[in-house]
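What follows is one structure encoded as structure tokens, with my remarks underneath.
Chains as they are written, first to last, in the working numbering: chain B, 17 to 286; chain X, 17 to 286.
Rendered as structure tokens:
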């Protein structure tokens, strides 16, 4: 898998997507499809789609909507020229009644005529911008998953969707804090400015060394823990809403679009 | 009406909304509720809501979604503390089967349990920013309505919604063009950067002196006509989709929210 990953790093988004579609690669996508927007995925039956879309609209920092499929159409036409949502993600989580039921690499057999696919922006975009500005991102340099926590910040509910906002944490050198805030604010489709920095307890986090998802990361002296709204938030909302079926990406195994990282809008005219 | 308008200009958004709710004021809202975000309105039956919301997501420059009501709930809870969409807009257009049927100042008797209200950002926000930067906006200084044109730029369709993008035109001094583009780009919820500047024919406009909506405005020597995506676009999409009923604001008679003009997100936690 690691050798494959290193090969894919230098390939185009179309090439990477072809390998994923052929099930030749099932790993994480951090660092792949460089300069193209990556996104979180949630697929729901149409009965739930309007409420979920309202949930995203009301919570744009954790759930920035970058694309929505037509009902029953697996081609994400506004995000890519040849983008089949059933095969082009390296790994999927299948939730039944709000509970994670299985992990698969292809959902062709599960696809239904009433499914709607939602793509939500992710943090890779601003992390890439931080790296380009010479600001180190610890979990990338150490090849771990960013630490994520269930905060006590409540989302704005919509229908059955609601619950706590999930946040991701990056320790930032105190003297780069202002720069990091202003860089990330430029990417509203990638969670925008942080929702909090400083004392973790202020947003209900009791142990910064014990994330609810992902791997722990150090907060050395001279750095401040900075918290961004996180794309895992809708997965918590889904466990609360308990739809009969919902399919998401496996965390870190994202949807790679044809949209440029710095595009003004996230839409391709089909 | 003019005397009332001058009184309202110095009042708070809550006071302005109370006068509109009491039907004491039915005029345009340009210059009212200063520093608060204003928005276009579209109310549709729930059967059309998911497709319309997809239409807005796919066309974020003409249709930037700033708020969506719960189905059947006339209180726009994410846009204001006490905001009744049935009474708090100065004037409404009622479309039946895609045709403008009547203009009213209150829709309480028309409201239905299956209605969903959509608020879409408008150009007042960036015009205000241009004025603060010392850039004159001719139609404001001359108390006319901005000229609007049906362009040949096609929207990205969603279900029955589609059609041409409507654009608004402001003539900008050639030496301020870069500044105007960069200021307006900062307001993605108010149409963002222009979609075109220069030759009107390039986007299908044959006579710059004869707008399809609004009033003509001059393009003096030393200025460039600059075109922004316009919030009238969804009204064209609605005449194409022909829903049995649809209610919009009367152009210029906007919804005034409690959201700050420069807020990072357009959502109040109810």
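Note that the Cβ used here is the ideal one computed from N, Cα and C, for glycine as well.
- Rounded to whole angstroms, the Cβ separation of residue 267/X and residue 79/X is 15 Å, and the two are not in contact under 8 Å.
- Within its own chain, the residues whose Cβ lies closer than 8 Å to the Cβ of residue 119/X, once the five positions on either side in sequence are excluded, are 107, 108, 109, 110, 266, listed in chain order.
- Identification of chain X residues near residue 73/B by a Cβ-Cβ cut-off of 7 Å yields 81, 84, ordered along the chain.
- In the structure shown, the three-state DSSP call for residue 112/X is strand.
- Between the beta-carbon of residue 184/X and that of residue 163/X there is about 7 Å, and that keeps the pair under the 8 Å contact cut.
- Taking 7 Å as the CB threshold, residue 273/B stays off the interface with chain X.
- Listed by position along chain B, the residues whose Cβ is nearer than 8 Å to that of residue 209/X are 280.
- For residue 57/B, the beta-bridge partners assigned by DSSP are 135/B.
- Using a CB distance below 8 Å, no part of the segment 25-41 of chain B faces chain X.
- Less than 7 Å divides the Cβ of residue 228/X from the Cβ of residue 166/X.
- For residue 244/X, there is no enclosing alpha helix (DSSP H); the residue is found in the beta strand (DSSP E) stretching over 239-245.
- Shown in chain order are the members of the segment 168-185 of chain B whose Cβ falls below 8 Å from a Cβ of chain X: 170, 172, 174, 175.
- Only exposed fits residue 258/B, as fewer than 16 other CB atoms lie within 10 angstroms of its CB.
- Within the same chain, 232 come within 8 Å of residue 226/B by CB-CB distance, once the 5 residues on both sides are set aside.
- Chain X has a Cβ within less than 7 Å of the Cβ of residue 70/B.
- Contact between the segment 147-157 of chain B and the segment 187-205 of chain B is present: three or more C-beta pairs spanning the two stretches fall below 8 Å.
- Across the structure, residue 175/B and residue 91/B are spaced so that their CA atoms are roughly 27 Å apart.
- Among the residues facing chain B, residue 76/X is included, as its CB has a counterpart in that chain under 7 Å away.
- The three-state reading of DSSP puts residue 30/X in helix, counting H, G and I together.
- Contacts with chain B at 7 Å (Cβ-Cβ) include residue 66/X.
- Exposed is the label assigned to residue 28/B, since fewer than 16 other Cβ atoms lie within 10 Å of its Cβ.
- Secondary structure in the segment 168-213 of chain X: the alpha helix (DSSP H) runs of 4 residues or longer, each lying completely within the stretch, are 193-201 in chain order.
- At a C-beta separation below 8 Å, residue 286/B has these neighbours in chain X: 172.
- In this structure, the beta-carbon distance from residue 125/B to residue 273/B does not fall below 7 Å.
- In the displayed model, residue 265/X falls within a strand according to three-state DSSP.
- Rounded to the nearest whole angstrom, the C-alpha separation of residue 156/B and residue 246/B is 16 Å.
- Contact check for residue 285/X and residue 77/X: beta-carbon distance about 27 Å, past the 8 Å limit, so the pair fails to qualify.
- The beta-bridge partner set that DSSP reports for residue 272/B consists of 54/B.
- Not a single CB atom of chain X sits nearer than 7 Å to the CB of residue 161/B.
- For residue 94/X, the C-beta contacts it makes with chain B under 7 Å involve 74, 172, in order along the chain.
- Cβ-Cβ separation between residue 256/B and residue 178/B: approximately 6 Å, consistent with a contact (criterion under 8 Å).
- Judged by DSSP secondary structure, residue 95/X falls outside any alpha helix (DSSP H); it is assigned neither H nor E.
- DSSP places residue 162/B outside any alpha helix (DSSP H), giving it a letter other than H or E.
- Within the segment 194-208 of chain B, 201, 204, 208 place their CB atoms closer than 8 Å to a CB of chain X, listed in sequence order.
- CA-CA distance, residue 278/X to residue 205/X, rounds to 10 Å.
- C-alpha of residue 26/B to C-alpha of residue 262/B: approximately 33 Å in a straight line.
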